[in-house]
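What follows is one structure encoded as structure tokens, with my remarks underneath.
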Amino acid sequence: MTKRLTEHTRQPISLELINKELNTLAININKCLKAEETLRLKGIREEKRFKELIANISHDLRTPLTAIKGYQQLMEKGELSDDQRKKLDVAQKHALELEKLIGQFFEYSYLLNARSEPNLEQINVTNLVTECLANAIAVFEEKELTVQLEETQPVFALADKEMTVRIVQNLIRNCAVHSVGTIEVGIKNKENPVISFRNPVKNPAEVDVNRLFERFYTSDKSRNQTTGLGLSIVKMLAEQMDGRVGATLKDNMIEIWVELQSGNKLKK
2 MTKRLTEHTR QPISLELINK ELNTLAININ KCLKAEETLR LKGIREEKRF
52 KELIANISHD LRTPLTAIKG YQQLMEKGEL SDDQRKKLDV AQKHALELEK
102 LIGQFFEYSY LLNARSEPNL EQINVTNLVT ECLANAIAVF EEKELTVQLE
152 ETQPVFALAD KEMTVRIVQN LIRNCAVHSV GTIEVGIKNK ENPVISFRNP
202 VKNPAEVDVN RLFERFYTSD KSRNQTTGLG LSIVKMLAEQ MDGRVGATLK
252 DNMIEIWVEL QSGNKLKK
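First residue of the sequence shown: 2, per this note's numbering; consecutive thereafter.
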């Protein structure tokens, strides 16, 4: 049994004893181990099929969307009444939202299948988060949201820059969709660098913080403007860099944090 655990072997347990009861016990243990192995392999196959399904769907959705946007552009160039133009504007707005959702779906399918090794280097997390927030000003203005960035000394992390940008962008999108007030962004240098986003939510009773990072989970039952994949992507990217994620909910304030590796590790 020790060899099976330490060497990850799949060989059955072998006992040759005079005691009939112990031999029967070994046979039953082997049956249980075989059933467990069958379930494990089945799970691997199902996960592979799921990844392939996600990738295929994300590609298939882009084709009709491209056609829809193309026809909308042709209509926009034609002669339309004020009422028709208003209706076209609404249709284009929904097409844009759909494009964003499909983009997130596509990103998730890519990350599931790519699993590329992160390029770890020392990055200035403070500057990176500040730049991402500055690039998202238009989004915040559209949603009529204000952002408060806590002042801090420069914080450095050992991380993949591109992956970290994706993490912050997804945290921003999550806040833009769900926040009903001021968004508080913090960058703290504890034992490891921590990026945190705090914002008030409308219906805190409907939010299950233990499920926030599950794929396809969303507290919005109507699933409006969200796939439930954004925070799942955050978790996936953070873990690829040996980081951690977490969330807390107190009263109507939710905080989502991402912990990265310390940039000081490069000096060791």
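We treat Cβ as the ideally placed atom computed from N, Cα and C, and that holds for glycine.
The model shown is predicted, which means the values in this text are computed figures rather than measured ones.
A direct Cα-to-Cα measurement between residue 90 and residue 45 gives close to 45 Å. Apart from the 5 residues on each side of it in sequence, residue 162 sits with its Cβ closer than 8 Å to the Cβ of 120, 122, 124 and 129 in its chain, given in chain order. Judged by beta-carbon spacing, residue 233 lies within the 7 Å limit of residue 216, meaning their Cβ atoms are closer than that value. Residue ranges of uninterrupted beta strand (DSSP E) with 3 or more members are absent from the segment 73-122; none lies entirely inside it. Counting C-beta atoms within 10 angstroms of its own C-beta, residue 214 has 16 or more neighbours from the protein chains shown and is therefore classed as buried. Per DSSP, reduced to three states, the secondary structure at residue 185 is strand. In the DSSP assignment, residue 169 falls within the unbroken alpha helix (DSSP H) covering 162-179. Taking a contact as a CB-CB distance under 8 Å, the pair residue 156 and residue 184 does not count as one, their CB atoms being some 19 Å apart. Cα atoms of residue 250 and residue 197: separation of roughly 13 Å, rounded to the nearest angstrom. For residue 110, the closest of 254, 41, 62 and 244 by C-alpha to C-alpha distance is 62.
Separation of residue 140 and residue 168 (C-alpha to C-alpha, rounded to the nearest whole angstrom) is 17 Å. With contacts defined as CB atoms closer than 7 Å, residue 158 and residue 26 fail to qualify as a contacting pair.
In the three-state scheme derived from DSSP, where H, G and I count as helix and E and B as strand, residue 241 is classed as helix.
Around the Cβ of residue 173, a 10 Å sphere holds 16 or more other Cβ atoms; the residue is buried.
For a cut-off of 8 Å, the C-beta gap from residue 255 to residue 178 is around 12 Å, too long to register as a contact. Under a 10 Å Cβ-count criterion, residue 79 is classified as exposed, with fewer than 16 other Cβ atoms of the shown protein chains found around its own Cβ.
If you check the CB distance, residue 242 and residue 160 come in under 7 Å.
Residue 175 places its beta carbon 7 Å or farther from that of residue 205.
Under the three-state reduction of DSSP output, residue 203 falls in the coil class, being neither helix nor strand. About 7 Å separates the Cβ atoms of residue 150 and residue 131, confirming a contact at the 8 Å cut-off.
When the beta-carbon positions are compared, residue 96 and residue 69 come within less than 7 Å of each other.
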